[in-house]
Amino acid sequence: MTDLIQIAKEGDRIGVQRAIEAGTDVNTTDAEGTCPIAAAAEAGHLEIVRHLIAAGADVDRPDKEGWTALMAAAGTGRNAIAESLLDAGANVNARTNFGLTALMCAAGGGHADIVRLLLDRGADLDAKDDNKWTALIWASQEGHKAIVELLKMARSQRNG
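Just so you know, the sequence shown maps onto residues 709 to 868 in our numbering.
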């Protein structure tokens, strides 16, 4: 793991600043393709995410499996981080190599506030992963009844 990825994951604000000032590429990746902004997003370090965005980090840079920082934030319930990434232009409908979206991650993880945020930002309710599962199916399979109802309501509002 490169130093910037590790210090971003640890939430070391000063270390991130020093690495950027030293000219470290904010889009550097490790062997799995993880970049600093995704590591910080998954670990819940909002200020690091914002700092990396300000330094020019690619908010949509996927790892080798197609996971993005927004998916990491959505799947781990990091509302403010998801919002910051979307405000910086993150693709709400980006997909992993097996078709997962941030909405599916949030729905399957039981994160209703992020589901609402993603829907408000244009997430595709009808997107299907490689197993033909939608966010609604993910929420249902994981036992998140409130999110199932939220997604059904959103679908009826969009269709009606």
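Glycine residues also receive a C-beta, built at the ideal position from the N, C-alpha and C atoms.
Classify Ala777: buried if its beta carbon has 16 or more other beta carbons within 10 angstroms, exposed otherwise. Taking the sequence shown and counting its residues from 1, the one referred to as residue 777 is at position 69. Buried: at least 16 other Cβ atoms inside 10 Å.
Would Gly816 be called buried (16 or more neighbouring beta carbons within 10 Å of its own) or exposed? Stepping through the sequence shown from its first residue, residue 816 is reached at position 108. Looking at its Cβ environment, which holds 16 or more other Cβ atoms inside 10 Å, Gly816 is buried.
Taking its Cβ as the centre, do 16 or more other Cβ atoms sit within 10 Å of Arg866, making it buried, or is it exposed? Translated into the one-based positions of the sequence shown, residue 866 becomes position 158. Burial call: exposed.
Using the rule of at least 16 other Cβ atoms within 10 Å of the residue's Cβ for burial, across every protein chain shown, is Met779 buried or exposed? Counting from one through the sequence shown, the residue named residue 779 turns up at place 71. Answer is buried; the Cβ neighbour count reaches 16.
What residues in its chain sit with their C-beta under 6 angstroms from that of Met709, if we drop five residues either side in the sequence? On the sequence shown, position 1 is the one that residue 709 refers to. Reliability fails at Met709, whose pLDDT of 45 lies under 50, so the model's placement of it is uncertain and no value is given.
Buried or exposed (CB count within 10 angstroms, at least 16 for buried), Glu729: Residue numbering aside, residue 729 sits at position 21 when the sequence shown is read from its first letter. It counts as exposed.
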